[in-house]
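Undergrad:
Residue numbers (the numbering used here), protein chains in the order written: chain A, 83 to 363; chain B, 2 to 500.
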């Protein structure tokens, strides 16, 4: 019997729940550590980024408007679907040069991190919200709200765990995201987008743009409908002057830490709203 | 349109025909020096390059004092003093001891409250009843509140390691000089930081008096340093390489410049910037209370308030009668000498601000707004502006989009709650909003949808040390007050050995 020919995957962008190629028609060749051709990964353009921001904005109020219980179930569903694809993710990590045992551990940690953050959806408000004992006849409370559309520049390494560690907390808080994943190892992000697309995450809540960070980042920072940008995975040699445009709309610029699992990673992408009402008869 | 200069109120003015005899607060309680130095390392010192600027009373244009202008070299000296104080004393002092210093500051502020209030009104032009009843008591309350946090930080962020950031550079505005100083200093000091504070150019005197108070409480030298000056002084502080954290309250334009510098230097920053608050009145509101709330919301402190309710959104069904009531109420507002205990609206803070307000109102009238100003007498000297209502304002008008920072209310209308939300959020700002309705579910529905950091429902312009304050969108980020006000002044990281 003749040996079966592999069906290769086309690694595309993820925008508004769909998987388009870059409108620019550009791609970047990704090779395995052994130097073998793996894929022509889509190279997102400025137009793709604008489309992604528009999709994220359209989805934001709906995502934030879901109950916290529902958001928690959906993020848990991401973990469930990933669990069934462990071997695929591990194989892709190995293609990107991660040693077998480390690859398996990274996949398991990423899945467990989704579970951890899924559980925060209806709890972090207890931890970071307050009822404030003001000196007067008022009921006064403070609650977290999503910042809005968040740009996430994911770390290059670990390409899967790093992405999940920054994306998941943004989603917990009710934000929608435009993600620039690992430039060196973009495969995992594309496969994660396929998980997200099949996990009841509404279209547009997560958008993933593969491509060169130095090219995409200034457009992300300068987009006036992006409320916050997470620079955790920004290149070390980033010219600080590209950050200037972030001040155009007073963006929240976050520099996180991949290893730091904490509710603070959620509140990095939250605004605090305080409401006053008089007490009387 | 009515006569712009002397429009006639809709109803007989001065409600009961009452005249108020002058009731001026005595200024004998304050003594103002001819010249002030910079407060660095616990002492008042002459600036290295010797410059000074005058500060005047905006209500009389009388010269009050000459104040040292800090150059970059002076700022450097202040930052060095703060660094030494952080390394040698304050950063390692047990929280219980830091707390006691802050409690002392709060107590001495209470003891000298009248002196601070009179000086605040002299230098800034705000009514004495506000500086006496709001600014200074609240400033003391902020120190008292955060004093108690200094030895309880491990309970503020459980599971997190917390460290002070080090030397903090803080820049404050002229609208609430002492209150803003306390909002900045109290949480920073409680968290174990040392501070270089730059007060606003037009209102430096109460901050300098606070420097004296810091000496009286025995605060270790260098823990608080006060550098007076204009924008260049602030820029030198923002640019200084040894400042670990920046905090700014002021205009959105300057805030953006500061954010750019902070981003380039990778220094944490918090910004409390401008606002264009929607003050939303539904037809089912308690109307008399809403009238008082709207008047207070915009004319409090001459409208020099970043969270002022400057855009009235009134439901169409009651718009005409509500605006008539506002006009009638406005005719009884007493404008004049801020030292007079009966004065509701005092002096505009500076001639520049007066010019800006006048210009924007002229633009508003030119764009088609209808102007109402009560026919009240204004003092011959000083900077005063009649409290103003601009009705028939549209969302595209500059007075509906730009922060006037003066006693000017723009009136717009809406029909449905959805339209109120859309119009309220149609601004790059997001600091505060007001809602007036007797229907509780509608309050919560609106509060959920308004993009603003502070929502006042059936009240407005309430402040408290325990209540976080700060903006969404281009009104800045970070919170001041409450538990949330501590976070910007702490470096939070994972606990060692946590699984």
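Idealized CB from N, CA, C, for every residue including glycine.
Here the structure is a predicted model, which is why all the values come from computation and not from measurement.
Please classify residue 364 (chain A) as buried or exposed, where buried requires at least 16 neighbouring CB atoms within 10 angstroms.
TA: The shown model of chain A, from 83 to 363, leaves out residue 364 (chain A), and the question about it has no answer.
Undergrad: Check whether the Cβ atoms of residue 454 (chain B) and residue 355 (chain A) lie closer than 8 Å to each other.
TA: Against a cut-off of 8 Å, the Cβ pair of residue 355 (chain A) and residue 454 (chain B) comes out as a contact.
Undergrad: Looking at residue 216 (chain A): is its Cβ nearer than 8 Å to the Cβ of residue 467 (chain B)?
TA: Cβ atoms of residue 216 (chain A) and residue 467 (chain B): closer than 8 Å.
Undergrad: Could you check if residue 199 (chain B) is buried or exposed, using at least 16 other CB atoms within 10 Å of its CB as the buried criterion?
TA: Per the 10 Å Cβ criterion, buried.
Undergrad: Would you list, in sequence order, the uninterrupted beta strand (DSSP E) runs of no fewer than 3 residues that lie entirely inside the segment 197-242 of chain B?
TA: You should have 225-227.
Undergrad: Quick one: what's residue 329 (chain B) bridged to in DSSP?
TA: Per DSSP, none; premise fails for residue 329 (chain B).
Undergrad: Would you decide whether residue 99 (chain B) is buried or exposed? Buried here means 16 or more other CB atoms lie within 10 Å of its CB.
TA: Flag for residue 99 (chain B) reads buried.
Undergrad: Are the CB atoms of residue 260 (chain A) and residue 135 (chain A) within a distance shorter than 8 Å?
TA: Yes.
Undergrad: Just the C-alpha distance for residue 190 (chain A) and residue 176 (chain A), rounded to the nearest angstrom, thanks.
TA: Going from the Cα of residue 190 (chain A) to the Cα of residue 176 (chain A) covers about 14 Å.
Undergrad: Would you please verify whether the beta carbon of residue 142 (chain B) is less than 8 Å from any beta carbon of chain A?
TA: Yes, residue 142 (chain B) counts as interfacial toward chain A.
Undergrad: Just how far apart, CA to CA, sit residue 238 (chain A) and residue 86 (chain B)?
TA: Cα to Cα, residue 238 (chain A) sits roughly 41 Å from residue 86 (chain B).
Undergrad: Could you tell me how far apart the beta carbons of residue 343 (chain B) and residue 24 (chain B) are, in whole angstroms, since I believe they sit closer than 8 Å?
TA: Going by Cβ atoms, the distance from residue 343 (chain B) to residue 24 (chain B) rounds to 5 Å, so yes, they are a contact pair.
Undergrad: Using a C-beta to C-beta distance shorter than 8 Å, which residues of chain A count as neighbours of residue 265 (chain B)?
TA: Near residue 265 (chain B) (Cβ distances below 8 Å), the residues of chain A are 322, 323, 325 and 326.
Undergrad: Pair every Cβ in the segment 305-312 of chain A with every Cβ in the segment 143-154 of chain A, then say whether three or more of these pairs are closer than 8 Å.
TA: Flag = no, the segment 305-312 of chain A and the segment 143-154 of chain A do not touch.
Undergrad: Quick test of your reading: residue 384 (chain B) and residue 351 (chain B), contact by CB under 8 Å. State the CB separation rounded to the nearest angstrom.
TA: 7 Å between Cβ atoms; contact.
Undergrad: Can you tell me the Cβ-Cβ gap for residue 69 (chain B) and residue 204 (chain B), rounded? I've got them flagged as a contact below 8 Å.
TA: Rounded, the Cβ-Cβ distance is 15 Å, inconsistent with contact.
Undergrad: Kindly indicate if chain A contains any beta-carbon less than 8 Å away from that of residue 308 (chain B).
TA: Output row for residue 308 (chain B): interface = no.
Undergrad: Compute the distance between the beta-carbons of residue 218 (chain B) and residue 196 (chain B), then report whether it is under 8 Å.
TA: No, the pair does not count as a contact, with Cβ atoms beyond the cut-off.
Undergrad: Given residue 273 (chain A), which residues of its chain have a CB within under 7 Å of its CB, disregarding the five upstream and five downstream residues?
TA: Within the same chain, residue 273 (chain A) has close Cβ partners 170, 171 and 174.
Undergrad: When you compare only the Cα positions, how much space is there between residue 30 (chain B) and residue 203 (chain A)?
TA: Roughly 56 Å separates the two Cα atoms.
Undergrad: Let me know the alpha helix (DSSP H) ranges lying completely inside the segment 359-408 of chain B, each 4 residues or longer, listed in chain order.
TA: Counting whole runs of 4 or more residues, the segment 359-408 of chain B contains the alpha helix (DSSP H) stretches 399-402.
Undergrad: Between the segment 93-113 of chain A and the segment 279-287 of chain A, can you find at least three pairs of beta-carbon atoms closer than 8 Å?
TA: Judged by Cβ distances under 8 Å, the segment 279-287 of chain A makes contact with the segment 93-113 of chain A, as three or more pairs qualify.
Undergrad: If you draw a straight line from the C-alpha of residue 410 (chain B) to the C-alpha of residue 388 (chain B), how long is it?
TA: In a straight line, the C-alpha of residue 410 (chain B) is about 8 Å away from that of residue 388 (chain B).
Undergrad: At 8 Å on the CB atoms, spell out the chain B contacts of residue 342 (chain A), in chain order.
TA: Within chain B, the residues near residue 342 (chain A) are 494 and 495.
Undergrad: According to the neighbour-count rule (16 or more other Cβ atoms, all chains shown, within 10 Å of its Cβ), is residue 447 (chain B) buried or exposed?
TA: Classification of residue 447 (chain B): buried, given that the 10 Å Cβ count is 16 or more.
Undergrad: Could you tell me whether the Cβ atoms of residue 113 (chain A) and residue 120 (chain A) are closer together than 8 Å?
TA: Against a cut-off of 8 Å, the Cβ pair of residue 120 (chain A) and residue 113 (chain A) comes out as a contact.
Undergrad: List the residues of chain B whose Cβ lies closer than 7 Å to the Cβ of residue 177 (chain A), in chain order.
TA: Simply none; closest approach about 31 Å.
Undergrad: Less than 8 Å between CB atoms is the rule here; does residue 295 (chain B) satisfy it with respect to chain A?
TA: Not closer than 8 Å to any Cβ of chain A, the Cβ of residue 295 (chain B) fails to qualify, so no.
Undergrad: Look up residue 428 (chain B) in the DSSP assignment and say whether it is helix, strand or coil.
TA: Looking at residue 428 (chain B) - three-state DSSP - the assignment turns out to be coil, as it is neither helix nor strand.
Undergrad: Quick one: what does DSSP say residue 239 (chain A) is sitting in, helix, strand or coil?
TA: Note: residue 239 (chain A) maps to coil in three-state DSSP.
Undergrad: Is DSSP giving residue 175 (chain B) helix, strand or coil here?
TA: Coil.
Undergrad: For a quick check, are the C-beta atoms of residue 364 (chain B) and residue 399 (chain B) less than 8 Å apart?
TA: Cβ atoms of residue 364 (chain B) and residue 399 (chain B): closer than 8 Å.
Undergrad: Alpha carbon to alpha carbon, how far is residue 108 (chain A) from residue 130 (chain A)? Give it in angstroms, no decimals.
TA: In a straight line, the C-alpha of residue 130 (chain A) is about 11 Å away from that of residue 108 (chain A).
Undergrad: Taking all protein chains shown into account, decide if residue 485 (chain B) is buried (16 or more other Cβ within 10 angstroms of its Cβ) or exposed.
TA: Buried, by the Cβ-count rule.
Undergrad: Do you know how far the Cα of residue 346 (chain A) is from the Cα of residue 193 (chain A)?
TA: For residue 193 (chain A) and residue 346 (chain A), the distance between alpha carbons rounds to 20 Å.
Undergrad: What would DSSP say about residue 2 (chain B), mapped onto helix, strand or coil?
TA: Residue confidence is low: residue 2 (chain B) scores 38 on pLDDT, short of 50, so the model does not pin down where it sits. No coordinate-derived value is stated.
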